[in-house]
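What follows is a set of notes on a single structure, which appears directly below.
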Amino acid sequence: MPKDVREAYYQDIVRRSGPRYGGFDLLSSLLAIHLIYTCEMYHQATAKYMSDFGLSKSSFNVLMLLKHGPLDGLQLHDLGDLLLVSRANITGLIDHLEQKGYVKRVVDATDRRARYARITRKAELLLHDFLPLHCANVKSLFEELTEDEKQLLVGLLEKVRKSFALHAATCRRGANVEQGTFGD
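Residue numbers for the sequence shown follow this note's numbering, so the first one is 5 and each next one is one higher.
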């Protein structure tokens, strides 16, 4: 397997170029790079075997929500709120899963406007075969960490997410950038 040069490349760029910009913080920038890079590596590793089962991370996420959700299914907007991945095209995702026979759409008898998605037996069987492999693979991906390190990392990532949630709304969008300074 060829050596992945991305980590060193991006760290070098950040260390050399970052100090030119106001508000630059080396450790925060390195954390951002490591989070992005680590998530990408995780997704690459899991996508390989998920695709063998015809699953994407989004479709797997939906099927797991439906498997462990209420027996009568979940409304599409509730599914969108619960997704760990982008909710941008929940309708298209449900269409795709319905075409594969993994999801059935149901109209609420008391409110004809409400649409529910319900997992099918076919999807239950797919997950029955897939989940042992997935669990073993996830365990293997984190094998280099001790139990204490895993617990510490979970706590730190929870803290990072809370910080993101707290400060994301206040991230500036260029409103305070002076006119005519781009490219100078």
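Beta carbons: idealized from backbone N, C-alpha and C, even for Gly.
Within 9 Å, strictly: CB atoms of residue i and residue j
{"i": "GLY77", "j": "ARG122", "result": "yes"}
{"i": "ARG49", "j": "ASN141", "result": "The question names Arg, yet the displayed sequence has Ala at residue 49. For ALA49 and ASN141, yes; Cβs fall inside 9 Å."}
{"i": "ALA127", "j": "LEU86", "result": "no"}
{"i": "LYS25", "j": "LEU145", "result": "Contrary to the premise, residue 25 reads as Tyr rather than Lys in this sequence. Contact flag unset, no."}
{"i": "HIS171", "j": "TYR53", "result": "no"}
{"i": "VAL164", "j": "LEU39", "result": "yes"}
Cβ-Cβ separation, residue j to residue i (assumed contact under 8 Å), whole Å
{"i": "LEU30", "j": "ARG19", "result": "7 Å"}
{"i": "VAL111", "j": "LEU83", "result": "No, VAL111 and LEU83 are not in contact; Cβ-Cβ is about 16 Å, not under 8 Å."}
{"i": "GLN79", "j": "ARG119", "result": "7 Å"}
{"i": "LEU130", "j": "PHE57", "result": "6 Å"}
{"i": "TYR106", "j": "THR95", "result": "No, TYR106 and THR95 are not in contact; Cβ-Cβ is about 15 Å, not under 8 Å."}
{"i": "LEU157", "j": "LEU149", "result": "7 Å"}
Given residue i as reference, the closest of the options once Cα atoms are compared
{"i": "SER62", "options": "LEU137, LEU75, ASP99, PHE168", "result": "ASP99"}
{"i": "TYR13", "options": "PRO23, TYR41, PHE64", "result": "TYR41"}
{"i": "HIS81", "options": "LEU97, ALA173, LYS71", "result": "LEU97"}
{"i": "MET68", "options": "LYS166, LYS7, PHE134", "result": "PHE134"}
{"i": "LYS104", "options": "LEU59, ARG10, LYS7", "result": "LEU59"}
Which residues DSSP lists as bridging residue i, in chain order
{"i": "LEU78", "result": "ALA121"}
Checklist line | Inside the stretch 86-161 only - beta strand (DSSP E) runs reaching at least 3 residues | finding: Scanning the stretch 86-161 from its first residue to its last, the whole beta strand (DSSP E) runs of 3-plus residues come out as 107-111, 119-123.
Item checked: Minimum length 4: unbroken alpha helix (DSSP H) runs contained in the stretch 39-66 -> Given a length threshold of 4 residues, the stretch 39-66 has no whole run of the alpha helix (DSSP H) inside it.
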